[in-house]
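Before any comments, here is the structure.
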């Protein structure tokens, strides 16, 4: 049950513009049910290489060109998604490349290709037609040569030569368990075609591309969004839900991915944690990774060589929220090891302040996360509540950290990051500073609106069965 | 929650990851703001697409038709001051307050809860088979002074933290409850005095539990919501 979209590569929120006005816009076909319908119309047409699908008007515009055609340009679009036939835009080939329609026009020996329509310097019998795709001087494979696309060359001494276009399998290899694989293989190891990630048939699944932006679940390419042992995909075969893909490994197994490893704390999701904590936060001992009881699992150490699944140490082999383990308790399959401390991701403090820092007059101008402070006199990216004129007492100079509102947590600044209105600075209380204790006797408090619960717990409890 | 019982806590919310799984608790302090624990998030700049807050239900896995259920995407995360172990989550839209969903009061700045004050924790976390995993569990705890707490914890408890009395039987928060509330009944109202953070062991008998003291960070909370 393959989708016609399987032949297309998607660029979300993108329009393909033709810069030569003589070409003129192509007509829109309105009220097309969905992008698949567009693909069904474009697929069989030899002069349709791509199409726009308007997600709001459900319109479809068939295009005879792609982003690799001359005088075209990609443009961000709030309305359209661009679908281009894989054969025309992929830089790698499947099988022997007879369907390749890319624009490589040079041979492995570096010789420019001869135009197919030319019979000089090398005469031949392959004349271009709309169907055989022998366009310009692009590498093609009209005779099914097992070595892939080739061309006649412009060197009379070399009649023809292969172009050396890599197979999509060889074009990208996988590190560790292939979580970072972003190649274009779209068939499983048994040869079944992959289902598109943005479709729920034939196999419904939870991996919606919009929800897993960091996994780049593009089109129907093999990916590893769930920490499996290697990239996989759902298949277009209704009888087979998902299968692994056959992809080459890069180099040695054991090097970790790009994050540094930590021993006494964990950073981010803890994928680099290599410490020896071996109980859950609930104090339950962890099960050994190389054991299958009390819990059977798929995380065999030899299949996750670079995840260091030694003994029963807390680890994060699948990109979960934090280090975790299978527990030794039959009734509790897995648990996080949140008792492991988080490494601080603050910058090292560069200066110090006394009290709450209201009298700090230093020139530190970075937040604890390293973001540059916004000038107090600026209005963007954040409109300040405190300005040099509104708070003269605070000496709001340039973009230096200050504490105009007596914030008890120290000097701060508005930041140049649009997403972070303000943050505390890379400062710390001076060693000789003793903040006053807060453990004073409580004083009276009055609450009006919040904190009420209807009905009160004890009454409600009496009604519970 | 270990040693608790099914109960109601209309300000307690469930944080859900992209797979829709519950992974932490939180407290609704404003219609559009939830206070929870830093420990629950991998970084202060984590992509939040797909993360949601579920409110208005007692169930860990409510049915889609659950009348009280509100599912609100998380729009923004703001990390608390260094050492606070807190984060504030801004929701994409305000929660609707009703008999299933209510705000909890914030204490005045630097307010210290008197010892012996009655409080409760709530969460959908690990029960260690002492409760019903399918619903919200609530357990009662009593505040003790930092001075008393530091006897057992050998002076490690900071002023920005607070403690509850050690009990002979296992009662307390556990994995999956982090970020949830320690709510105390003060002057005829429930007030969010503490936030559940990971302790070395969950609900350890004869051992005082440690929470973050919310009143130390109330000025930061007001500032973030205001700015």
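Residue numbers (this note's numbering), protein chains in the order written: chain A, 1 to 465; chain B, 466 to 692. Don't be surprised by glycine CBs; every beta carbon is placed ideally from N, CA and C.
Per-residue contacts from residue i into chain B (C-beta, under 7 Å)
i	result
residue 422 of chain A	692
residue 368 of chain A	547
residue 281 of chain A	639, 640, 663, 667
residue 269 of chain A	507
residue 331 of chain A	594
Residue i versus residue j - alpha carbon distance
i	j	result
residue 376 of chain A	residue 691 of chain B	18 Å
residue 590 of chain B	residue 597 of chain B	10 Å
residue 569 of chain B	residue 371 of chain A	33 Å
residue 310 of chain A	residue 271 of chain A	14 Å
residue 130 of chain A	residue 326 of chain A	59 Å
residue 218 of chain A	residue 506 of chain B	26 Å
residue 564 of chain B	residue 493 of chain B	14 Å
residue 651 of chain B	residue 681 of chain B	17 Å
residue 391 of chain A	residue 404 of chain A	7 Å
residue 464 of chain A	residue 656 of chain B	For residue 464 of chain A, the predicted model reports a pLDDT of 43, less than 50, meaning its position is unreliable and no value from the coordinates is stated.
residue 621 of chain B	residue 329 of chain A	31 Å
residue 215 of chain A	residue 653 of chain B	49 Å
residue 195 of chain A	residue 124 of chain A	41 Å
residue 89 of chain A	residue 8 of chain A	9 Å
residue 402 of chain A	residue 552 of chain B	22 Å
residue 106 of chain A	residue 112 of chain A	5 Å
residue 50 of chain A	residue 170 of chain A	26 Å
residue 574 of chain B	residue 683 of chain B	6 Å
residue 163 of chain A	residue 99 of chain A	14 Å
residue 91 of chain A	residue 220 of chain A	16 Å
residue 422 of chain A	residue 231 of chain A	41 Å
residue 406 of chain A	residue 367 of chain A	17 Å
residue 605 of chain B	residue 381 of chain A	46 Å
Chain-ordered chain A contacts of residue i [CB-CB under 9 Å]
i	result
residue 536 of chain B	Within 9 Å Cβ-Cβ: nothing; residue 536 of chain B doesn't reach chain A, min ~14 Å.
residue 629 of chain B	Chain A residues near residue 629 of chain B: none, gap ~16 Å exceeds 9 Å.
residue 515 of chain B	208, 210, 211, 212, 213
residue 503 of chain B	342
Best match in the options for proximity to residue i [C-alpha to C-alpha]
i	options	result
residue 150 of chain A	A:328, A:114, A:312	A:114
residue 178 of chain A	A:93, A:227, A:402	A:227
residue 284 of chain A	A:301, A:314, A:310	A:314
residue 110 of chain A	A:209, A:395, A:161	A:161
residue 670 of chain B	B:582, B:579, B:638	B:638
residue 523 of chain B	B:651, B:476, B:582	B:476
residue 535 of chain B	B:629, B:618, B:621, B:479	B:479
residue 428 of chain A	A:298, A:422, A:364, A:438	A:364
residue 600 of chain B	B:548, B:521, B:627, B:572	B:521
residue 400 of chain A	A:410, A:362, A:424, A:420	A:362
residue 430 of chain A	A:41, A:355, A:55, A:205	A:355
residue 488 of chain B	B:685, B:640, B:668, B:665	B:640
Close Cβ partners of residue i (< 8 Å) along its chain, the five nearest in sequence each way excluded
i	result
residue 603 of chain B	466, 469, 470, 471, 472, 473, 474, 585, 586, 587
residue 293 of chain A	287
residue 13 of chain A	76, 77, 78, 80, 81
Cutoff 7 Å; reference residue i; Cβ partners in own chain excluding five residues on either side
i	result
residue 146 of chain A	96
residue 504 of chain B	550, 643, 662, 663
residue 460 of chain A	A caution first: residue 460 of chain A carries a pLDDT of 45, below 50, which makes its placement in the model too unreliable to give a value.
residue 332 of chain A	284
residue 104 of chain A	138, 139, 163, 165
Range of the contiguous beta strand (DSSP E) that encloses residue i
i	result
residue 114 of chain A	Counting along the chain, residue 114 of chain A falls outside any beta strand (DSSP E), and DSSP gives it neither H nor E.
residue 587 of chain B	583-588
residue 466 of chain A	Nothing about residue 466 of chain A can be reported from this structure: the residues present for chain A run from 1 to 465 only.
residue 609 of chain B	602-609
residue 314 of chain A	Taken as a continuous stretch (DSSP letters only), residue 314 of chain A belongs to no beta strand (DSSP E), as it is neither H nor E.
Beta-carbon neighbours of residue i, restricted to chain B and to distances below 8 Å
i	result
residue 339 of chain A	663, 664, 665, 666
residue 345 of chain A	508, 509
Under 7 Å by beta carbon: chain A residues contacting residue i
i	result
residue 482 of chain B	321
residue 685 of chain B	409
residue 488 of chain B	321
Cβ-based neighbour list, residue i, same chain, cut-off 6 Å, excluding 5 preceding and 5 following
i	result
residue 559 of chain B	496, 497
residue 267 of chain A	343
residue 517 of chain B	481, 536, 538
residue 593 of chain B	467
residue 649 of chain B	578, 582, 584, 656, 658
Where the alpha helix (DSSP H) through residue i begins and ends
i	result
residue 38 of chain A	35-42
residue 449 of chain B	In the structure as shown, chain B begins at 466 and stops at 692. Residue 449 of chain B is therefore absent and cannot be evaluated.
residue 89 of chain A	86-89
Residue i: contacting residues in chain B (beta-carbon distance under 9 Å)
i	result
residue 83 of chain A	Within 9 Å Cβ-Cβ: nothing; residue 83 of chain A doesn't reach chain B, min ~23 Å.
8 Å Cβ cut-off: residues of chain A touching residue i
i	result
residue 681 of chain B	408, 438
beta-carbon residue i near the ligand FAD non-hydrogen atom, thresh 7 Å
i	result
residue 365 of chain A	The model on display carries no ligand, and the ligand FAD is accordingly not part of it.
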